[in-house]
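No gaps in the numbering here: position 309 of the sequence shown is 309 in the UniProt record's numbering, and each next residue is one more. The C-beta atom is built at its ideal place from N, Cα and C for all residues, glycine as well. Down below is the structure, laid out as structure tokens.
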Amino acid sequence: MEIVFTINPYSGYGALKGKKKVLEELKSVCSARGISHRFLVDEQLNFFSKDTVLVICGGDGAIFRTINYILKLGSPPPFAIIPMGTGNDIARATGWYEIWERGGASGFIDALIASRCNDFDVWELSRRGGNEKWCFSAYLGIGLDAKGVKYYEALLSFWGRMVKFPFMKRLYYILAGIRLLISEGSPFKRDAGNIKGAVTIKEDDVCFECPSKGVLLFSNIGNYMGGVWLSDSTRFDDGLLDIFLWPTPKDFLKFAIRGTPPAIFKKDIKKVFFSIPKGLYGQADGEFLGELPSGDYCIGLSRVLPILIPPKGVLALQPSETKFCLASPANSTIA
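Have a look at this one:
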């Protein structure tokens with residue numbers, strides 16, 4: 001068994017140089033336990049053997065790019081996550097965020113050894129009559145949140161992606177949010193969502209109109225925007241999506257600031273058809289997709305990938321010490 005750590009040099013931890021300490025800790029732990037391992041920058045992904053365990057070191061964007069690569073493989077390797085991004089929503093949903101925060105490099109390897117293999121759904125958005133296809137595994141957003149991602153990407157492009165400190169990227173998100181509010185005018189106007197054009201969701205010959213000034217979110221996980229809670233019932237392994245709607249900028253702002261959860265607009269969807277008017281932006285797993293061409297779209301399950309899930313209780317904090325110990329690795333899928 002070989003662990004391949006794929007590194008995103010531009011994630012929330014900053015430049016690759018800023019990750020040096022983390023990488024040295026992982027290398028030290030693996031070497032001490034006799035575990036074969038190697039490190040790759042995510043642009044260098046190439047071949048994985050059948051005994052490879054993939055560890056994605058980065059945020060949701062790094063996971064997005066890596067998954068889009070391994071989807072092309074006949075037998076994709078099981079993967080785990082070290083959260084090094086800004087939001088880390090997928091790591092939170094799968095349990096790896098807590099493992100890394102509490103246990104560090106040593107605790108992560110302990111959890112990896114004791115992990116079990118699980119399904120992880122990947123979804124595809126496609127446009128009827130066009131060649132456009134996009135895959136996502138956490139969520140797909142259409143509307144206001146995607147426009148915020150656009151402004152965030154513009155800040156990164158202007159100031160450079162080699163950010164030295166994590167707080168700088170968080171600051172970029174705040175600045176992007178301020179610019180979004182300014183560009184949309186006051187979000188507290190009563191008619192803020194009443195503009196021409198709407199996303200039309202078609203189900204059982206019934207059309208649902210979703211105001212295009214708000215946010216329409218197709219979610220595969222129960223959290224969003226860096227861990228803000230959406231729903232306890234949304235799962236990444238059940239072959240079903242939940243649809244959330246914030247009709248106006250005011251509704252979305254209340255969610256972003258206070259964590260006020262939206263009502264589930266539609267629950268347990270296997271496939272959804274909808275129409276998009278001109279001028280709406282999209283984002284997938286926090287990555288900007290650009291302006292979506294107007295037309296009819298479909299979202300359906302693309303593929304199920306193998307993901308490693310840490311067992312509950314693998315890290316037990318000792319009251320009298322400041323270290324973590326490994327729980328019994330019974331039924332481990334990695335040895």
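For S219, the enclosing beta strand (DSSP E) starts and ends at 215–219.
In this structure, V29 sits away from I7, with a CB-CB distance that is not shorter than 8 Å. Taken atom to atom, the span from the alpha-carbon of F273 to that of K147 is near 22 Å. Selection I90, L240, L54 evaluated against L112 yields L54 as nearest (Cα-Cα). The beta carbons of I221 and T200 sit no closer together than 8 Å. F236 carries a coil assignment under DSSP once its states are collapsed to helix, strand and coil. When secondary structure is reduced to three states using DSSP, D121 falls in the strand class. Shown here, T52 sits in a strand according to DSSP, grouped into three states. For I257, the enclosing alpha helix (DSSP H) covers residues 249–258.
Burial is judged here by how many other beta carbons sit within 10 angstroms of a residue's own beta carbon; E287 has at least 16 and is buried. Under the Cβ criterion (8 Å, minimum of three pairs), the segment 235–243 counts as touching the segment 266–286.
For the pair L230 and A256, the Cα-to-Cα distance works out to about 11 Å. Per DSSP, the unbroken beta strand (DSSP E) holding S275 starts and ends at 271–276. Within the DSSP secondary-structure output, E287 pairs in a beta bridge with A284. In this model, C135 and F218 are separated by some 12 Å (Cα to Cα). Residues of the same chain with a CB within less than 7 Å of the CB of D237, apart from the 5 flanking positions on each side, are N118, D119, F120, D121 in chain order. Excluding the 5 residues flanking it on each side, A105 has same chain C-beta neighbours closer than 6 Å at E25, L26, V29, in chain order.
Here DSSP, grouped into helix, strand and coil, assigns A80 to strand.
Exposed is the label assigned to N131, since fewer than 16 other Cβ atoms lie within 10 Å of its Cβ. In the structure shown, S31 adopts helical secondary structure according to DSSP, grouped into three states. Burial of L245 is indicated by the presence of at least 16 other C-beta atoms within 10 angstroms of its C-beta. Classified as exposed, G259 has fewer than 16 neighbouring CB atoms from the shown chains inside 10 Å of its CB. A Cβ-Cβ contact shorter than 8 Å links I70 with L305. Its Cα nearest to that of L155, the residue R179 stands out among L140, G282, R179. Shortest Cα-Cα distance from H37 to any of E98, L23, E2, D60 involves E2. A direct Cα-Cα distance of roughly 32 Å separates I299 from I99. For P247 against G214, the beta-carbon gap comes to about 5 Å, under 8 Å, which counts as contact.
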